[in-house]
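Trainee:
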Amino acid sequence: MEEKEIGEVSSYFSHVGVAAIKLSGKLKVGDKIHVKGSTTDFEEKVGSMQIENKVVKEAKKGDHIGIKVPDKVRKNDKVFLAK
């Protein structure tokens with residue numbers, strides 16, 4: 177399975193289970209992502225995302241997004257688009 181890196185975790189808000197991600201590629205609701213780091217490794221389908229507290233359906237390179245994640249993530253974890 178070939179994966180393309182599309183971002184990096186910049187923050188994690190444990191009280192709401194949300195990851196802040198700086199994108200280096202495009203992402204849209206419905207895409208499947210793979211979050212990987214030294215102790216992080218899970219896949220998930222993007223159910224929703226926000227930019228500055230506004231719900232969006234897609235985001236592009238350079239955007240800072242927030243998405244709900246099922247597990248703890250850490251700063252600098254890599255985000256890949258799973259094929």
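This note's numbering puts the first residue of the sequence shown at 177, with every later residue one more than the last. Each residue gets a CB set at the ideal place from its N, CA and C atoms; glycine is no exception. Given the structure is predicted, the values throughout are model-derived calculations rather than measurements.
1) Would you be able to state if there are at least three C-beta pairs under 8 Å between the segment 217 to 232 and the segment 240 to 254?
2) Give every residue of the same chain whose Cβ lies closer than 7 Å to the Cβ of Gly-193, excluding the five residues on either side of it in the sequence, and list them in chain order.
3) Please classify Glu-228: does DSSP put it in a helix, a strand, or coil?
4) Quick check: Ser-190 and Ala-196, are their CB atoms within less than 8 Å of each other?
5) Taking the alpha-carbon positions, what's the Val-205 to Glu-184 distance?
6) Spatial neighbours of Glu-181 within its chain, please: C-beta separation below 6 Å, excluding the five flanking residues on both sides.
7) Does DSSP put His-191 in a helix, in a strand, or in coil?
Mentor: With the structure as the only source:
1) yes
2) Lys-244, Val-245
3) coil
4) no
5) 17 Å
6) Lys-254, Phe-256
7) Under the three-state reduction of DSSP, His-191 is assigned to coil, being neither helix nor strand.
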